[in-house]
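Chemist:
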Amino acid sequence: MRRPAPSPFVAAPLRQQAARRASAPRRVARCGSACSRAARLAVLVTLVAVACGEEADPGRNEGGVIRPTPGAHVILISLDTLRADHLSCYGYARDTSPNLDAFARDALLFENVYTSANNTGPAHMTMMTGLRPPVHGIDHTLPARRPSSAVKLLAEQLSDSGYGTRALADGGFVTEPFGFERGFDVFESELKPLVHKLPTLAAWIAAPTDQPTFLFLHTYEAHAPYAPRAEHDLFSNPAYEGWFSGKLPRFRELFARDEPFDMGALEGGFWPERRASVLTETDRQHCIDLYDGDIHQLDAHLGEIFGWLEDAGRYDDAWIVITSDHGEAFREHGTFEHRQLYNSELHVPLIIRPPGGVPGGVRVPALGRVLDIAPTILWALDLPPLPAAQGRSLLPLDAAVERRVHAIAGESEDLRAVIWNDRKLIRRSPQRLEYYDLARDPAESSDVAGSDAPPPWTTALRKALADLEAENESFRTVFGEPGEAAELSREQLEQLIRLGYIDGGALRPAGDDDGDG
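For the sequence shown, my numbering gives the first residue as 3, with consecutive numbering after it.
1) Report the residue ranges of all alpha helix (DSSP H) runs contained in full by the segment 208–261; include only those spanning at least 4 residues, in chain order.
2) Assuming Ala119 contacts Ile410 (C-beta within less than 8 Å), just tell me the rounded distance between them.
3) In angstroms, rounded to a whole number, what distance separates the CA positions of Leu256 and Asp264?
4) Please report the Cβ distance between Asp327 and Met130, rounded to the nearest whole angstrom; I am assuming they are in contact, meaning their Cβ atoms lie under 8 Å.
5) From Lys199 to Gly164, what does the alpha carbon distance come to, in whole angstroms?
6) When you compare only the Cα positions, how much space is there between Ile354 and Trp273?
7) Have a look at Ala204 and His340 and give me their C-alpha separation to the nearest angstrom.
8) Under 6 Å Cβ to Cβ from Pro444, same chain only, skipping five residues before and after it: list those, please.
9) Do Leu160 and Arg184 have their C-beta atoms closer together than 7 Å?
10) Out of Gly482, Ser279, Gly305, Leu369, state which residue places its alpha-carbon closest to the alpha-carbon of Leu399.
11) On the DSSP bridge assignment, give the partners of Tyr344 in chain order.
12) Out of Val366, Trp381, Tyr438, Val76, which has the shortest C-alpha to C-alpha gap to Gly166?
13) Looking only at its own chain, which residues have a Cβ that is under 6 Å from the Cβ of Leu348, when we skip the five neighbours before and after it?
14) Could you check what DSSP says for Gly55 in three-state terms: helix, strand or coil?
15) Leaving out five residues before and five after Leu81 in sequence, what residues of the same chain have Cβ atoms less than 8 Å from its Cβ?
16) Near Lys426, what residues of its chain come up, given a Cβ to Cβ distance below 6 Å and the 5 sequence neighbours on each side ignored?
17) My parser needs the beta strand (DSSP E) runs of 3 or more residues fully inside the segment 303–370; what are they?
18) To the nearest angstrom, how far is the alpha carbon of Arg520 from that of Pro70?
19) Can you tell me where the beta strand (DSSP E) with His408 in it begins and where it stops?
20) Taking the straight line between their C-alpha atoms, what separation do you get for Phe237 and Met127?
21) In this structure, does DSSP put Lys194 in helix, strand or coil?
22) Is Gln392 closer than 7 Å to Leu133 when the C-beta atoms are compared?
23) Evaluate Ala36 with the Cβ neighbour count: other Cβ atoms within 10 Å of its Cβ, from every protein chain shown; 16 or more gives buried, anything less gives exposed.
24) Tell me the DSSP secondary structure of Phe263 in three-state form.
25) Quick one: is Ser431 buried, meaning 16 or more other Cβ sit within 10 Å of its Cβ, or exposed?
26) My assumption, with CB atoms under 8 Å, is that Tyr228 sits in contact with Leu292. Please give the rounded CB distance.
27) Cutting at 7 Å between CB atoms, please list the residues of its own chain near Leu250, excluding the five before and the five after it.
28) By how many angstroms is the C-alpha of Gly93 removed from the C-alpha of Ala320?
29) Distance check for Arg168 and Arg464, CA to CA, integer angstroms please.
30) Given this structure, state the Cα-to-Cα distance separating Thr98 from Asp187, to the nearest angstrom.
31) On a CA-only basis, which of Gly73, His88, Ile79, Ala74 is nearest Asp296? Give me that one, please.
32) In this structure, what does DSSP give as the bridge partners for Lys426?
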């Protein structure tokens, strides 16, 4: 099996695992006939795709399609706050992600995938339902809400189809009060560093099973405050002096403890109150350096997980889907974190490895959406689709499906975006519209709305936004209004408010204005 090259920080244990495997029979998870070698051989890649700069080998990929593998295991990993363009496999200059890069060389890498929301709750519920946020109803307002009973989640569909379902999430919005537990046999959601959750994950992966399994992992490892452990802090300047000086040791000490923490309170100690205006360019660069270190640390953990999957015989017997809910801004457009709808916050990675892998890897340039992930997983398992989902499967690769991205910002009723082909509209208000030609201006630095003669496609984008919002209203009628979330504790409310995930009004702590808009 072609497996990812290990990070130097996990290389020794993985070499030991390899030695044990060399002297022992290969272990294969028992998940039904569809997980057999014959089923894995059914995974075929498109003949015309370009893989890592080389043409796919038509002799090796008979048939030219990727086919469903009924009964295979499924592993969905959501790396919260991970922007695609900070991964080496997406063209980043820094070597932030060696394990994920190697994983991608044996998988389908979707180059142009966008989220439906710039914050965690709405984006993850879209990931799990194939519905846009205005339809499933999860947003960042009080009273907090959960989807109506008519909305079916991916885990519910898989459970109904005989799957054992387990989730290991990281708190915040991805918790029971908002409906994320629906369909899971085991649902654990607690805000702790990933390193302290890995033993639980390793035990789940190693446990023998007589049924196919769906495993969902969600982690805030790349979320602020950025505090990579020393061995992963590879990119920051040791001579740095500025706002963040002296903060790193305190956060590292806290993250080293195997206990829950309040990320909202931590962020209050990490950021200045007026972030964009107070931080210097040197501070901004230091933020990026620490964020990249967090990605390197997260990548090392992925290397460990890949090793455990191989030990358990599931690496080649599972669909492994790795993605993110949204990206992160570093003042490219005046703000930090995820408060806007520019592509630094909307463009996310999506890498899918079918059972048996994709020899040489395939890079897929077509437009895709987080909205499409649940439908893609169900297609991959040859299971019925979710009822009336707005997303469409990204597979097979040669399917002719036109996609338009519709994205919301949870903090504003008006802030919306549409991406159609290489053109983009951001609506800040009915009177304030921005238009970008992403093919010519991928950094979104030139708003063509101010030109003397706006191009004709701006009219088409306005109509596309109106059409998508009308579609959302129609779907909302079908599924009904969301219900009120289960009661939140005061601690949960304060954490979500401090994170900027909900507008708490009178509950918001004094002086907690982040100044980022």
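Don't be surprised by glycine CBs; every beta carbon is placed ideally from N, CA and C.
Modeler: Once the coordinates are examined:
1) 250–257
2) Counted from its first residue, the sequence shown places residue 119 at position 117. Counted from its first residue, the sequence shown places residue 410 at position 408. The pair is a contact, with the Cβ atoms about 5 Å apart (cut-off 8 Å).
3) In the sequence shown, residue 256 corresponds to position 254, counting from 1. In the sequence shown, residue 264 corresponds to position 262, counting from 1. The straight-line gap from Cα to Cα measures roughly 11 Å.
4) Residue 327 sits at position 325 when you count from the first residue of the sequence shown. Residue 130 sits at position 128 when you count from the first residue of the sequence shown. Their Cβ separation, rounded to whole angstroms, is 11 Å, which puts Asp327 and Met130 out of contact at 8 Å.
5) Looking up residue 199 in the sequence shown gives position 197. Looking up residue 164 in the sequence shown gives position 162. Taking the straight line joining both Cα atoms gives about 26 Å.
6) Counting from 1 along the sequence shown, the entry for residue 354 is found at position 352. Counting from 1 along the sequence shown, the entry for residue 273 is found at position 271. Taking the straight line from one Cα to the other gives about 35 Å.
7) Position 202 of the sequence shown, counted from the first residue, corresponds to residue 204. Position 338 of the sequence shown, counted from the first residue, corresponds to residue 340. Whole-angstrom Cα-Cα distance: 31 Å.
8) Looking up residue 444 in the sequence shown gives position 442. Excluding sequence neighbours, Pro444 sits near nothing in its chain.
9) Numbered from 1 along the sequence shown, position 158 holds the residue referred to as residue 160. Numbered from 1 along the sequence shown, position 182 holds the residue referred to as residue 184. In this structure, Arg184 does not lie closer than 7 Å to Leu160 by Cβ.
10) Your numbering for residue 399 matches position 397 in the sequence shown. When each option's Cα is compared against that of Leu399, the closest is Leu369.
11) Reading the sequence shown from its first residue, position 342 is the one you call residue 344. Partner(s): none; Tyr344 has no beta bridge.
12) Within the sequence shown, residue 166 is the residue found at index 164, counting from 1. With distances taken between Cα atoms, Gly166 lies closest to Val76.
13) For this step, residue 348 is matched to residue 346 along the sequence shown. Cβ neighbours of Leu348 beyond the five flanking positions: Tyr116, Thr117, Ala409.
14) What you label residue 55 is simply residue 53 of the sequence shown in a count that begins at 1. Annotation note: pLDDT 33 at Gly55 (below 50); position unreliable, no value reported.
15) Taking the sequence shown and counting its residues from 1, the one referred to as residue 81 is at position 79. Excluding positions up to five away in sequence, the list reads Thr221, Glu223, Ala224, Leu300, Ile324, Thr325, Ser326, Pro351.
16) To locate residue 426, count along the sequence shown from 1; it is residue 424. So the list reads Tyr438, Leu440, once near-sequence residues are dropped.
17) 320–325, 349–355
18) As displayed, the chain neither begins before 3 nor continues past 519, which places residue 520 out of reach and without an answer.
19) Working through the sequence shown from its first residue, we reach residue 408 at position 406. Element bounds for His408: 406–410.
20) Within the sequence shown, numbered from 1, the residue matching residue 237 stands at position 235. Within the sequence shown, numbered from 1, the residue matching residue 127 stands at position 125. Roughly 34 Å separates the two Cα atoms.
21) Taking the sequence shown and counting its residues from 1, one reaches residue 194 at position 192. Reduced to three states, the DSSP call for Lys194 is coil.
22) The residue you call residue 133 lines up with position 131 of the sequence shown. The residue you call residue 392 lines up with position 390 of the sequence shown. Result yes, Cβ atoms of Leu133 and Gln392 sit closer than 7 Å.
23) The residue given as residue 36 occupies position 34 in the sequence shown. Low confidence applies here, because Ala36 scores a pLDDT of 35, under 50, leaving its location unreliable; read the following figure in that light. Under this definition Ala36 is a buried residue.
24) The count along the sequence shown starts at 1 and reaches residue 263 at position 261. Looking at Phe263 - three-state DSSP - the assignment turns out to be coil, as it is neither helix nor strand.
25) Residue numbering aside, residue 431 sits at position 429 when the sequence shown is read from its first letter. Exposed: under 16 other Cβ atoms inside 10 Å.
26) Position 226 of the sequence shown, counted from the first residue, corresponds to residue 228. Position 290 of the sequence shown, counted from the first residue, corresponds to residue 292. Contact flag correct, Cβ pair sits at about 4 Å.
27) The residue labelled residue 250 in the question sits at position 248 within the sequence shown. So the list reads Ala229, once near-sequence residues are dropped.
28) Start at 1 with the first residue of the sequence shown, and residue 320 comes out as number 318. Start at 1 with the first residue of the sequence shown, and residue 93 comes out as number 91. Computed Cα separation, rounded: 27 Å.
29) As a working note, residue 464 is residue 462 in the sequence shown. As a working note, residue 168 is residue 166 in the sequence shown. The alpha-carbon atoms of Arg464 and Arg168 are separated by roughly 42 Å.
30) Position 96 of the sequence shown holds residue 98. Position 185 of the sequence shown holds residue 187. Taking the straight line joining both Cα atoms gives about 35 Å.
31) Taking the first residue of the sequence shown as position 1, residue 296 is located at position 294. Per the Cα distances, His88.
32) Numbered from 1 along the sequence shown, position 424 holds the residue referred to as residue 426. Ile421, Tyr438, per the DSSP bridge assignment.
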